[in-house]
Amino acid sequence: MSSSFRRGGRIRSRPTSSSDTFPKTPLSSSAVLERVGTKPWVGGFTLTSSGLREFDAILGGGQPLGTAMLLEEDRWTQDLAMALMRYWAGEAVAQGQTLSLAATQQDVKDISLDSIEAKGTLSSQGMSSIALSKFLQMIPLDQHFEKAKSKDEAFQRKIDKAKIEKNITSLSGFDTIQEDDDYAEEEMEDTVAEEGLTNAWQYKLSIQNKRMGPTVSNQVKGQKVFCHSFDLGSSMMEQNHPHWPKDMESEYISILENFCGNEERATAIAFFHNCVKHIEEKLNARPNTVIRMLIMNAPISIMTIAMPLLLSHVRNHSLPVVFLLSVRPWTIDVRTSSQGLIALKRTCDAVFTCEGFAAMVSPPPPEFSDLAGILTIKKIALQSLSHFSDTTTNRRPPANRYGMKRDRRKMHIRMLHLPPEDFSAGGSSVGSGARSGAGKVQEKDTSSITRVLRF
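Quick note, the sequence shown lines up with residues 1 to 455 if you use UniProt numbering.
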């Protein structure tokens, strides 16, 4: 034994600390915080769904936490971009995440004349809390919840029917009197295991439900769905969804009021501090949640200052927050706000443009007659955070332009394919040759000519 451990001829043993001993439970069994509506992905990313499977495929699986997407709305109707935002917001409510809508404009009843005189005009950018409340009423219906509810009701009807049949069979035995048997207790013990056995080892439904433990309805509700299915023709407000608030404000949905001042820099700083405070409050209330912050018709001059600060704060603290911004380029002044829009596009990780055919002067080509518009990818760097797309080809989107098809209940995003030449109306001409896609060359009817030659 070394002299350092000898004191006065006595050997002192080194006290064992809790850090020296191995933990009683392995590290793999430690509790890991699993956030609702997310899934792990390659590269250490955690993804959450956009609410539309086709859009998730374009994003490379979903939107990673800590990223921001910018959506340029389509002119005239804004229906295509609005549908994507409705999907995005509906997925937050269906997953039980936290949907936060940022009000960046004062309500009409609260607008002061002094602010209008200071600005000179009333800004067309930003959304008021009243407009955001109207948007919440447009969140689509959750079809997964409707399917689970219908299965639960059908299962409950089967249970009730089995109970009624069991009561009828039990009451039918009172018309006969059976004598007591000495071995009644032993026979009862033998028949307990075979209770409900009717034919070929088929148990009654009530016995199955009794021995299964948890019901099928609980299993359906407990299934994890990454991307829900929605019906744009109906509203979640009429669905009686468990995550839907009764007074339009709850732990799942909130409208974030912001200071709307005259000075842009002070307003942007106040917006940043307000968002940080809101994120901290929501995470303290529900640590396993994911906060989705939707900024509709974002004021470009304010977001150009606030978004870099917000993204830096979220990524520095690894906060489970995702952003979706929408802008209306036709409302900005090209001379003053064009540079701000370019800076905002550089800040966001993905930029998409919706071009609706309803706003075009000339009709689209006949090949696009079944489409409502075009979705263009301007930038996508969600899983690289540094350049246009990932270096690996398996994560790149297959194209940068997609067709958007909109019907009463759904929106579909599909790749643009040229139709077969037999079904193309008109086609396109190249050089001096025949028109491509002009259809089959019709064969001339030579039967009349041959008849004339015979005579």
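No residue lacks a Cβ here, since even glycine has one placed at the ideal position from N, Cα and C. On a predicted model such as this, the values are computed, not experimentally measured, just so you know.
Any idea what DSSP makes of Tyr87, helix, strand or coil? helix
Could you check whether Leu99 and Ile253 sit closer than 9 Å to each other, using their CB atoms as the reference points? yes
Taking the C-alpha atoms as reference points, what is the distance between Leu69 and Met293? For the record, residue 69 in the displayed sequence is Met; it is not Leu. Using only the alpha carbons, I get a separation of about 11 Å.
Rounded to whole angstroms, how far is the Cβ of Arg346 from the Cβ of Ile305, which I believe are closer than 8 Å? That pair is no contact at about 13 Å.
In the DSSP assignment, the alpha helix (DSSP H) including Ser312 goes from what residue to what residue? Ile300 to Asn316
Report the start-end ranges of each alpha helix (DSSP H) in the segment 319-392 that is 4 residues or longer and not cut off at the edges. 334-347
Can you name, in chain order, every residue of its own chain whose Cβ lies under 6 Å from the Cβ of Ala358, other than the five neighbours on each side? Trp76 and Thr77
Excluding sequence positions up to five away, which residues of its chain have a Cβ less than 8 Å from the Cβ of Leu283? Thr289, Ile291, Leu319 and Pro320
Distance, Gly403 Cα to Thr25 Cα: Unreliable positioning characterises Thr25 in this predicted model, as indicated by a pLDDT of 34, which lies under 50. A coordinate reading is not provided.
Of all the options Leu341, Arg406 and Arg408, which has the alpha carbon lying nearest to the alpha carbon of Lys378? Leu341
My output table needs one value for Arg292: the three-state DSSP class, helix, strand or coil. strand
Can you tell me where the beta strand (DSSP E) holding Ala68 begins and where it ends? Ala68 to Glu72
Hey, Ala50 and Glu91: beta-carbon distance below 9 Å or not? Here the sequence assigns Ser to residue 50, which means Ala is not the residue at that position. Yes, they are a contact pair.
Could you say which of Pro287, Gln95 and Lys166 lies nearest to Gln143 if we only look at CA atoms? Gln95
Compare the C-alpha of Val327 against each of Pro308, Leu311 and Ser301 and name the closest. Ser301
Residues bridged to Gly403 [DSSP beta-bridge criterion]: Ile374 and Arg414
Inter-residue spacing [alpha-carbon to alpha-carbon] between Ala343 and Leu310: 15 Å
Find the nearest neighbour of Cys348 within the set Glu367, Glu355, Ala298 and Ser362, judged by alpha-carbon distance. Ala298
Buried or exposed for Trp330, please, with buried defined as at least 16 other CB atoms from any protein chain shown within 10 angstroms of its CB. exposed
Terminal residues of the continuous beta strand (DSSP E) containing Ile255? Ile253 to Glu257
CA-CA distance, Glu54 and Cys227? 10 Å
Straight-line Cα distance separating Asp231 from Thr376: 24 Å
For Asn258 and Ser386, the rounded distance between their alpha carbons: With a pLDDT of 46 at Ser386, under the threshold of 50, the modelled position of that residue is not reliable, and no figure is offered here.
I'd like to know whether the C-beta atoms of residue 469 and Ser133 end up nearer to each other than 9 Å. No statement about residue 469 is possible, as the shown extent of the chain runs from 1 to 455 and does not include it.
For Met85 and Asp407, I'd like the C-alpha separation in whole angstroms. 16 Å
Mind checking who Asp231 pairs with in its DSSP beta bridge? Leu141
Spatial neighbours of Leu325 within its chain, please: CB distance less than 6 Å, with the 5 preceding and 5 following residues excluded, ordered by chain position. Leu70, Ile295 and Ala298
Nearest candidate by alpha-carbon position, reference residue 478, set Gly126, Gln63 and Phe271: The chain is shown from 1 up to 455; residue 478 falls before or after that span and cannot be answered.
Where does Val361 land, buried or exposed, given buried means 16+ other C-beta within 10 angstroms? exposed
Could you pull the DSSP bridge partners for Ala102 from this structure? Leu256
Leaving out five residues before and five after Val276 in sequence, what residues of the same chain have Cβ atoms less than 7 Å from its Cβ? His313
Proximity of Lys405 and Ala372 at Cβ, strictly below 9 Å: yes
DSSP has Pro64 in a bridge; who is on the other side? Leu47
Taking the straight line between their C-alpha atoms, what separation do you get for Leu101 and Gln339? 26 Å
Does the distance from the CB of Ser235 to the CB of Pro308 come in under 9 Å? no
What separation, rounded to the nearest whole angstrom, lies between the Cα atoms of residue 456 and Glu251? With the chain represented from 1 up to 455, any question about residue 456 goes unanswered, as that position is not in the structure.
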